[in-house]
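Asks:
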Amino acid sequence: MLSRDMLQFTVDPNYSGKNLPGWFLMNTYLQRHLGEIMHFQPCEGFDSCRQAVLSGAFDLVYANPFDWVQYVQKLGFQPVAKPRDHFDEVYLCTLAGGPIHGYADLPPRIRIASAHEGTLIHMIGLFLMDKAEIDRARLDFVYTGSYQGVLKALLQGNADVGFLFDEVYTGASGLIRGRLRILDQSDDAFAFHAFCIGPRLAPKMEPLQDVLLGMNDEPRGQVLLQDLGFPGFASVTPEEVECLTTLAEEYISGHEAIDLRSTSSLSIDDSAFVVAREDPTATS
Amino acid sequence: MTVKFMSTEWIRLVGKQWDTHPEIQKDLRNFNATWEYYIEDRPDIPHVMLFCKAGKVIFAGPSDGRRRDFIMWTSMENWKKILSGEISGKAALMTRRLKFKGSMMTAMKYMTPFNIHLNILGEIPVDFDI
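Printed below as a string of structure tokens:
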């Protein structure tokens, strides 16, 4: 049980398996600069992390886009900073020593390892498969709860393709990367992780933003950024929040991109597609 | 020769220009949709639309009341910036300088052709004095 006397900080579960010491140091850095005592608590899986944040257990979260959008909407969290020039992308990976060199080599039924279906990475992974005209009816999903689990499923031969968050692939050891083959990758530069604060930290929003955005201006901050693999942090605009909120809402509520019937034999109800039906003069 | 921005002549030239871009036709080979454009601060200018079927523009003309999958609109000032390439398609969308109604998931899925399509709009020499 987390103490609610103290401020609580957590990060997206995809960081639990990598560079955790760096995030503990980040917590120390923030405590020193804010003059606040804050406890850092990593989470194990996407569902438990989301549940813990939504139950009010945390005041500061570095979260993936579809999660932070929910925290903003449901808890009134405020996004304060995002990685500078750095977006969430997906790598579709297969085993380097395996028979799959391209989309044409995929078996009739394709086993996909994905950390969680409620993530942007899963959505973009599906988009890449659609664009390659792989029928969604051929896909069987193995949800691993983490990207480390995706790596494990691939390496153990329990999946034909893995949807990997790009940071996890690039942060993996050379040995691991050498055992993987990149089948495809996204280059959308659209969505991003963000630091979000809850109501208890709201009075500290400005100083926290100053600390995060100024990390590149002082040596300790630079070392820490390098350690965590970020070029720096930038502010998040209300328009970006609005845009990503629309995207997340569509996806989480079960909508699909409007072209899906062209590449999939799945039976899809018309209500799955968002169209601009309204009279535009009434909405401008 | 220039045509008036957001006129029927302009949108028809956009449709023709589309044919000279095989990359967008390839990217949108599975894409069927209609979309409409208008100028937010010029309610007197009629709306125009495109209908894309399997990557080809099969209708370019005045908005005729059929169902629109997307609607895009902004001020004349922002249209000028978008058409000149001063603002990229993604930036226009993310900063809401290009207002957008329709499936955001689809826009994201087709971000590259979305950008190309805005470049095509900018390839037609236009007269903004309308």
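Chains as they are written, first to last, in the UniProt record's numbering: chain A, 1 to 284; chain B, 1 to 130.
For each residue, glycine too, the CB sits at the ideal point set by N, CA and C.
What you are looking at is a predicted structure, and each value in this text was computed from that prediction instead of being measured.
Give me the chain B residues within the contact set of H255 (chain A), using Cβ-Cβ distance strictly less than 8 angstroms, ordered along the chain.
Replies: Ordered by position in chain B, the residues that pass the 8 angstroms Cβ test against H255 (chain A) are S103, M105.
Asks: Closer than 7 angstroms, Cβ to Cβ, to anything on chain B: give me those residues from the segment 90-118 of chain A, in chain order.
Replies: So the list is empty, because no residue satisfies the distance condition.
Asks: Is it buried or exposed, E256 (chain A), if we count other Cβ atoms within 10 angstroms and call 16 or more buried?
Replies: Under this definition E256 (chain A) is a buried residue.
Asks: Starting from the C-beta of F87 (chain A), find all residues in its chain whose C-beta is less than 8 angstroms away, skip the five residues before and the five after it, and write them out in chain order.
Replies: For F87 (chain A), where only same-chain residues beyond five positions count, the Cβ hits under 8 angstroms are D188, A189, F190, A191, F192.
Asks: What three-state label does DSSP hand H127 (chain A) in the structure shown?
Replies: Note that residue 127 (chain A) is Phe in the sequence shown here, rather than His. Helix, per DSSP.
Asks: Taking Cβ to Cβ, would you say V168 (chain A) is nearer than 8 angstroms to G125 (chain A)?
Replies: Not in contact: V168 (chain A) and G125 (chain A) (Cβ atoms no closer than 8 angstroms).
Asks: What is the DSSP secondary structure of V236 (chain A), counted as helix, strand or coil?
Replies: Of the three classes helix, strand and coil, the one that applies to V236 (chain A) here is coil, per DSSP.
Asks: Using a C-beta cutoff of 8 angstroms, does V72 (chain A) count as contacting chain B?
Replies: For V72 (chain A), the answer is no, since every Cβ of chain B falls outside 8 angstroms of its Cβ.
Asks: Once the 5 residues before and after Y103 (chain A) are set aside, which same chain residues still bring their CB inside 6 angstroms of it?
Replies: Only A132 meet the Cβ criterion.
Asks: For my contact list, M76 (chain B) and F128 (chain B) are in at a C-beta cut-off of 8 angstroms; report their separation, rounded to the angstrom.
Replies: At roughly 7 angstroms, the Cβ-Cβ gap stays under 8 angstroms, so M76 (chain B) and F128 (chain B) are in contact.
Asks: Can you confirm whether C49 (chain A), when its beta carbon is compared against all beta carbons of chain B, has any partner nearer than 8 angstroms?
Replies: For C49 (chain A), the answer is no, since every Cβ of chain B falls outside 8 angstroms of its Cβ.
Asks: Just checking: is the beta-carbon of S284 (chain A) within a distance shorter than 8 angstroms of some beta-carbon in chain B?
Replies: No answer about S284 (chain A) holds up, because its pLDDT of 39 lies below 50 and its placement is not dependable.
Asks: Verify the CB distance criterion: does I24 (chain B) have a CB-CB separation below 8 angstroms to chain A?
Replies: I24 (chain B) does not count as touching chain A.
Asks: Counting only C-beta atoms, is S262 (chain A) closer than 8 angstroms to chain B at any point?
Replies: Yes - at least one Cβ of chain B is within 8 angstroms of the one on S262 (chain A).
Asks: Anyone know if the C-beta pair for V275 (chain A) and R96 (chain B) falls short of 8 angstroms?
Replies: Against a cut-off of 8 angstroms, the Cβ pair of R96 (chain B) and V275 (chain A) comes out as no contact.
Asks: Report buried or exposed for F163 (chain A), applying the criterion of at least 16 other Cβ atoms within 10 angstroms of its Cβ.
Replies: So F163 (chain A) ends up on the buried side.
Asks: Classify D47 (chain A) as helix, strand or coil using the three-state DSSP reduction.
Replies: Three-state result, D47 (chain A): helix.
Asks: For L139 (chain A), list the residues DSSP reports as bridge partners.
Replies: Beta-bridge pairing links L139 (chain A) to A:I110.
Asks: Starting from the C-beta of S84 (chain B), find all residues in its chain whose C-beta is less than 7 angstroms away, skip the five residues before and the five after it, and write them out in chain order.
Replies: Within the same chain, S84 (chain B) has close Cβ partners G122.
Asks: Below 8 angstroms, can you find three or more Cβ-Cβ pairs linking the segment 232-241 of chain A to the segment 58-66 of chain A?
Replies: Taking 8 angstroms as the limit for Cβ pairs, the verdict is that the segment 58-66 of chain A does not touch the segment 232-241 of chain A.
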